[in-house]
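A quick write-up on the structure given underneath.
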Amino acid sequence: MSLLSDSALDFLRSVFSSRSKEDAETDRTLVTLTFAQSLDAKIAGKGGRQLLLSCPESMLMTHWMRSMHDAILVGIGTALNDNPQLNTRLIPEASRPSKLPRPIVLDAHLRLPIDCKLLSNFRQGVGLQPWIFCSSSNFPEMSSRRSTLLEAGAVIFDVPCEDGFLSIPQVLVELYIQGIKSLMVEGGATIINSFLKCSQQSDGFGAPPVIDTIIITTAPMFVGDGGVGYEVGGSKQAEEAPALQPVQTALMGIDTVAAVRILRRQ
Ligand SMILES: NC(=O)c1ccc[n+]([C@@H]2O[C@H](COP(=O)([O-])OP(=O)(O)OC[C@H]3O[C@@H](n4cnc5c(N)ncnc54)[C@H](OP(=O)(O)O)[C@@H]3O)[C@@H](O)[C@H]2O)c1
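For the sequence shown, position 244 matches number 243 in this note's numbering, and the numbering has no gaps at all.
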C-alpha cells in the first residue's frame, strides 16, 4: 500500500468509524454527500464546464471513498456533461477491493445515452449494471427509450416526482429495499441542492437526517462568478440550514478535505 493510500484510508476510516452506534446500525441507507469545490464554492466552470478541482491525492481519496460505499449516485446533468465512470480505477490494482460500487443515475426522462461510459463499462465486464431512476410511468412516450436502455444493460426503477424532481426519500427507500446500505452522492449542483434541501432543519423533529456525512474537497483556486455553485438547503433562513458537527479535516496534497456530520433535527 502506498503512503498516499495510507493517509486517505486513515482519514476515511476515522470519519466513518466515528458514527454513533445508533447511526451506524440504522435501518436506512446511509448517505455521504461529497464533491470538490473551489475557494469560492464553485463546483464547475462557466456554463457547467467540467473543472479539475481535485489534486491527485484528494482524487485518490475519493476513489477509496467510492470503494467504501455500496453505490454512487449522480444526476443526469453530470452523466451528460462529464460522462463519469464512477469506479475505483485510481486505487492501485494490488490493493483495490474486488467489490465494485453500483452506479446510479437520477434521470426522470431517461436521457442517459446508451454509449455512455457507465453502460459500456458494464457491457465490457468492468462495471456493475447502472441503475437508472426515472419517472417514465408518467410519460408513456418514453417507452421506446426505456426499451433501448434496458437492451443496453441498464436496470430501471420508477419513482414518483416531488416538486418537479424525482422524490429523494422514495429513491432512498427503493435503494434500501435493493440492499444498498451506503450511498455516495457525487453531484452535480442540482442534486447537491436537493439532498441538502431534504436535510433542512424545518423538515421534522428528531428525525434522522437524509445525509449522514458531507465530505468536501476544497482546491486552492478561485473560479469566479460565472462558475456553477450550490445552495444550502434552498433556504434563505440560516437557522433552517442543516446543523453540522465537524468530524475531521485533512490536507491532501494541495487540497483541504473537510468531513462533517449532519445532526438529527431538533
Ligand atoms: N465538483 C464536483 O465535485 C462535481 C461533481 C459532479 C458534477 N459536477 C458538475 O456539476 C454540473 C452538473 O450539475 P447539474 O446541476 O447540471 O446536474 P446534476 O445535478 O448532475 O443533475 C440534475 C438533473 O438530475 C435530474 N434529477 C432527477 N431527480 C432529481 C432530484 N431529486 N434533484 C435534483 N436533480 C434531479 C434532473 O433532470 P431530469 O428532470 O431530466 O431527471 C436534474 O436536472 C457539471 O458541470 C459537472 O461537471 C461537479
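Glycine included, every Cβ here is placed at the ideal spot set by N, Cα and C.
Asked	Found
Cβ-heavy atom distance, residue 182 to ligand 1, below 7 angstroms	no
Spatially closest choice to residue 263 from 240, 83, 91, by CA coordinates	240
Proximity test, residue 110 beta-carbon vs ligand 1 heavy atom, cut-off 7 angstroms	yes
Residue interval of the beta strand (DSSP E) (run including residue 219)	Unbroken run through residue 219: none, as it is neither H nor E.
Own chain residues within Cβ distance below 6 angstroms of residue 116, not counting five before or after	82, 84
Reduced DSSP secondary structure (H/G/I, E/B, other) of residue 160	strand
Residues near residue 49 by beta carbon distance below 8 angstroms, same chain, minus five either side	43, 80, 81
Secondary structure, alpha helix (DSSP H): runs of 4+ residues fully inside the segment 64–90	75–81
Residue 49 Cβ short of 7 angstroms to ligand 1 heavy atom set	yes
Selection from 238, 188, 214 that minimises the alpha carbon distance to residue 226	188
Check: residue 74 C-beta below 7 angstroms from any heavy atom of ligand 1	yes
Rounded separation between residue 13 and residue 88 - CA only	23 angstroms
Closer than 7 angstroms: residue 199 CB and nearest ligand 1 heavy atom	no
Of the residues 92, 245, 157, the one placed nearest residue 258, counting alpha carbons only	245
Any 3 or more C-beta pairs closer than 8 angstroms across the segment 170–179 and the segment 50–59	no
Unbroken beta strand (DSSP E) run spanning residue 245, endpoints	243–251
Contact the segment 140–148 vs the segment 28–38: 3+ CB pairs below 8 angstroms	no
Neighbourhood of residue 96 by C-beta distance below 8 angstroms, restricted to the same chain and skipping five residues each side	66, 87, 90
Burial state of residue 216, where buried means 16 or more other Cβ atoms lie within 10 Å	buried
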